[in-house]
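In this text, residue positions in the first sequence follow the working numbering: the first is 577, and each later residue adds one. A short worksheet on the structure shown next.
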Amino acid sequence: MKLAAWNVNSLKVRLPHLLRWLASEDAPDVVCLQETKLEDHNFPVAALADAGFRSVFAGQKTYNGVAIIFRNELGEARDTLKGNPFFPDAQQRLLATTIDGIRVISAYFPNGEAVESEKYFYKLAWMKALYEYLDDELCRFPQLALCGDFNIAPEDCDVHDPERWAGGILCSEAERQAFRGLLSLGLADSFRLFPQAEKSFSWWDYRQWSFQKNLGLRIDHILLSDQLVSSAMASGIRRELRGYERPSDHAPVWVEI
DNA sequence: ATGGCTGCTTTGAGCAGA
Numbered sequence: 577m578k579l580a581a582w583n584v585n586s587l588k589v590r591l592p593h594l595l596r597w598l599a600s601e602d603a604p605d606v607v608c609l610q611e612t613k614l615e616d617h618n619f620p621v622a623a624l625a626d627a628g629f630r631s632v633f634a635g636q637k638t639y640n641g642v643a644i645i646f647r648n649e650l651g652e653a654r655d656t657l658k659g660n661p662f663f664p665d666a667q668q669r670l671l672a673t674t675i676d677g678i679r680v681i682s683a684y685f686p687n688g689e690a691v692e693s694e695k696y697f698y699k700l701a702w703m704k705a706l707y708e709y710l711d712d713e714l715c716r717f718p719q720l721a722l723c724g725d726f727n728i729a730p731e732d733c734d735v736h737d738p739e740r741w742a743g744g745i746l747c748s749e750a751e752r753q754a755f756r757g758l759l760s761l762g763l764a765d766s767f768r769l770f771p772q773a774e775k776s777f778s779w780w781d782y783r784q785w786s787f788q789k790n791l792g793l794r795i796d797h798i799l800l801s802d803q804l805v806s807s808a809m810a811s812g813i814r815r816e817l818r819g820y821e822r823p824s825d826h827a828p829v830w831v832e833i
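As structure tokens, this is what we get:
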């Protein structure tokens, strides 16, 4: 199964890109989407069904919104859960479902705006509650994948210019520590299970030709539980989608399990 | 030092993103 995560930054705008990817040769079987920015009644269920995919989604207007799409052949989704019971929140940032025995979670971590800002503390609180939630989920679902836009570059090698970003939002020690806290539950960064090119990123700013100059960050991740790590075969980033006309600022990340 | 793009919004300047 090829599992992917992609922050589309508006599914309305990016739907043609998604459909093109799903129809391509190395198309994914399951995709966790973030920043769909669509209310549920506007979710493109029919277009994705035509492409052979089922959908579950938790959306809202303008901001946030997460979804999970998966091939018809994988059967029905079970135990779909919107949000985090440990963190009641109007922002639609978390969605879990079970596909073919695997607990798949689509997560859109808060951006955090700036270190020490109100949104920064919301981000840290959101992650603390996510930790509690995952601790619970892992007991019931030993085969679990946490996929999405974490808005955290875990190490300096995930940053194009570590000195410039040092201590700043997406790279601060408290955020990185919270990321390592998730790993301590028995999760692994699937990207690092395999050799990767240096300067591999999943997000590039729209401004200043950042993508063309490869000035990016690796902030989108798929974390696999120990049971899934043992079946992982390859991982990577679909960089070319960032080069499409009118792209998302994120490229999809993927793992084959 | 600032703003740099993009998508969205009670359509148009202001916000949020990262």
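Glycine included, every Cβ here is placed at the ideal spot set by N, Cα and C. Quick caveat: nothing in here was measured; it's all calculated off a predicted structure.
Open item on the list: Please report the straight-line C-alpha distance between P661 and Q668, rounded to a whole angstrom.
Closed with: Here residue 661 corresponds to residue number 85 of the first sequence, with the count starting at 1. Here residue 668 corresponds to residue number 92 of the first sequence, with the count starting at 1. If you take the alpha carbons of P661 and Q668, they lie about 13 Å apart.
- [ ] Take N640 as the anchor and find which of V584, R768 and L793 has the nearest alpha-carbon.
- [x] Along the first sequence, one-based indexing puts residue 640 at 64. Here the closest residue by C-alpha is V584.
- [ ] Pull up the DSSP beta-bridge partners for D725, would you.
- [x] Here the question's residue 725 lines up with position 149 in the first sequence. Within the DSSP bridge table, the entry for D725 names Y684 and D796 as partners.
Task: Nearest to D732 (by Cα), restricted to the options G792, R590 and L587 - done: Start at 1 with the first residue of the first sequence, and residue 732 comes out as number 156. If we check each option's Cα against that of D732, G792 comes out closest.
- [ ] Give the C-beta separation of A643 and S682 to the nearest angstrom, bearing in mind that I take them to be a contact with Cβ-Cβ under 8 Å.
- [x] On the first sequence, position 67 is the one that residue 643 refers to. On the first sequence, position 106 is the one that residue 682 refers to. Indeed, because the Cβ distance is near 6 Å, the residues count as touching under 8 Å.
Open item on the list: Does A721 pass the burial test, meaning 16 or more other C-beta atoms within 10 Å, or should it be called exposed?
Closed with: Counting from one through the first sequence, the residue named residue 721 turns up at place 145. So A721 counts as buried.
Task: For E652 and S760, the rounded distance between their alpha carbons - done: Against the first sequence, residue 760 aligns to sequence position 184. Against the first sequence, residue 652 aligns to sequence position 76. Rounded to the nearest angstrom, the two C-alpha atoms are 31 Å apart.
Task: Separation of R654 from G812, as counted between CA atoms - done: Residue 812 sits at position 236 when you count from the first residue of the first sequence. Residue 654 sits at position 78 when you count from the first residue of the first sequence. Answer to the nearest angstrom: the Cα atoms are 28 Å apart.
TODO: Over the uninterrupted alpha helix (DSSP H) stretch that includes E596, give me the two end residues.
DONE: Residue numbering aside, residue 596 sits at position 20 when the first sequence is read from its first letter. A small fix is needed here, since residue 596 is Arg in this sequence, not Glu. Note, R596: alpha helix (DSSP H), L587 to L598.
Task: Selection from K699, W741, G762 and R756 that minimises the alpha carbon distance to C715 - done: The count along the first sequence starts at 1 and reaches residue 715 at position 139. Here the closest residue by C-alpha is G762.
Open item on the list: So, at 8 Å on beta carbons, what are the nonlocal neighbours of Q719 in its own chain, with the 5 sequence-adjacent residues on each side left out?
Closed with: Sequence index remark: in the first sequence, residue 719 carries index 143 (1-based). These residues qualify, in order along the chain: G677, I678, R679, S801, Q803 and L804.
Task: For W785, three-class secondary structure by DSSP - done: Along the first sequence, read from residue 1 onward, the residue named residue 785 stands at position 209. In this structure, W785 counts as coil in the three-state DSSP scheme.
Open item on the list: Under 8 Å: do the stretch 815-832 and the stretch 739-753 share three or more Cβ pairs, one atom per stretch?
Closed with: no
Open item on the list: Distance check for N687 and T638, CA to CA, integer angstroms please.
Closed with: In the first sequence, the residue the question calls residue 638 occupies position 62. In the first sequence, the residue the question calls residue 687 occupies position 111. The straight-line gap from Cα to Cα measures roughly 15 Å.
- [ ] Kindly confirm or deny that the stretch 690-698 and the stretch 776-793 touch, where touching means at least three C-beta pairs closer than 8 Å.
- [x] Here the stretch 690-698 makes no contact with the stretch 776-793; the two share fewer than three CB pairs at distances below 8 Å.
Open item on the list: Please list the terminal residues of the continuous alpha helix (DSSP H) segment that includes L759.
Closed with: Taking the first residue of the first sequence as 1, we reach residue 759 at position 183. Where L759 is concerned, the enclosing alpha helix (DSSP H) stretches over E749 to L759.
Open item on the list: Mapping the DSSP letters down to three states, classify G812 as helix, strand or coil.
Closed with: Counting from 1 along the first sequence, the entry for residue 812 is found at position 236. Strand.
Task: Range of the contiguous beta strand (DSSP E) that encloses L769 - done: Here residue 769 refers to the residue found at position 193 of the first sequence. L769 -> no beta strand (DSSP E), and no H or E assigned at all.
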